[in-house]
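Remarks on the structure that follows.
Numbering (the working numbering), first residue to last: 323 to 464.
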C-alpha cells in the first residue's frame, strides 16, 4: 500500500492564514483550498468597496493559491460561496463568472449569520477534490 503524498501549499500572494490552518493542502494530485475572504495580502485588511470588491479579492486570492500548487480555475471541480446576505448573490455571481468562464465547477451558495472579519462574502473550495492535475512541482514559500 503506497502512502499519500501530502504537502502544505503557501504563497505570499494570498493572505496568510488567520488561524491554525493552511492556505491549502495538496494530497496526491488533489488540492483542498481553505476559504478565502476579500483580504488584501499585503495589509491583511478587507478591501474597501463592498461585496463586489470583496468577491474579486477573495477569488484573486484563491487563484494565487491555485497557481502556487500548479493549478488554475479550470482545474476546480467544486466551490462553496458563503454570503452574509443572500441578496448579494447576483452581484457575487457576476464576479464569479469573470473567474470561472467555462466547464463550470459544481457550486453551492448559502447565506450565513456571520463571516470572519465582518466580510460579506467568503469563497471556499473545501471538503471536495478541487484540482486534479497538479503536475508541476509544488513551491513552498515559508
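Don't be surprised by glycine CBs; every beta carbon is placed ideally from N, CA and C. Fair warning: this is a prediction, and the values are worked out from it, not measured in the lab.
Reduced DSSP category for residue i - H, G, I as helix; E, B as strand; rest coil
i	result
residue 343	coil
residue 357	strand
residue 396	helix
residue 442	coil
Span of the alpha helix (DSSP H), counted from its first residue to its last, around residue i
i	result
residue 414	411 to 421
residue 381	373 to 390
Residue from the options whose Cα sits closest to the Cα of residue i
i	options	result
residue 405	357, 366 and 385	357
residue 326	343, 336 and 348	348
residue 391	339, 438 and 350	350
residue 331	446, 388 and 359	388
residue 340	413, 368, 329 and 401	368
residue 336	371, 365, 443 and 440	365
residue 381	414, 409 and 371	414
residue 379	433, 352, 399 and 420	420
Span of the beta strand (DSSP E), counted from its first residue to its last, around residue i
i	result
residue 433	428 to 433
residue 335	Where residue 335 is concerned, there is no enclosing beta strand (DSSP E), given that its DSSP letter is neither H nor E.
Straight-line Cα distance separating residue j from residue i
i	j	result
residue 431	residue 417	14 Å
residue 424	residue 397	11 Å
residue 408	residue 373	11 Å
residue 377	residue 383	10 Å
residue 426	residue 445	15 Å
residue 345	residue 329	11 Å
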